[in-house]
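Heads up, the working numbering is the position in the sequence shown plus 230, with the first residue counted as 1. What follows is a short report on a single structure.
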Amino acid sequence: MNIFNNVISDRGSKYAVSGAAVKSRKEAQQMLKSLKKDKKFAKATHNSWAVLLSDGGPVKNDDGEGGAGRIILQMLEGAALKDHLIIVTRWYGGVKLGGDRFRRVQDCVRYYLDQLK
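Structure representation (structure tokens):
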């Protein structure tokens, strides 16, 4: 699994992005479980994720960050990246970011995709 810590900090909230190749929904859930074995990620406010499965279509989870999974999914579709899970982690910093939180999710996914190249 690729893990990029401290990708973005915005008004106290901190973001990380992680990902790995997966072939099924079960594998995606196992990767998320593996990530959360690290107490830092287990204590995060949100671990939003998405994957485009060749055999199962799109799968996403906002983990309480309404709309974040959809954004990750759209970016995976735009990059034509299948069978690759991307997880955006946020540690809430005490200030609501409003719509900027979606830009931060996009920034994290863009950073991750750039690292894959």
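Note that beta-carbon positions come from the ideal geometry of N, C-alpha and C, so glycine has one too.
| Item | Value |
| --- | --- |
| Val-335 versus Asn-236 - alpha carbon distance | 13 Å |
| Integer-rounded CB distance, given that Val-318 should sit under 8 Å from Ser-278 | 5 Å |
| Proximity below 8 Å, CB of Gly-323 to CB of Lys-244 | yes |
| Close beta carbons around Ala-272, own chain, < 6 Å, minus the five adjacent residues each side | Lys-266 |
| Which of helix, strand or coil DSSP assigns to Gly-329 | coil |
| Nearest residue (CA-CA) to Glu-295, options Leu-311, Asp-344, Ala-274 and Leu-343 | Ala-274 |
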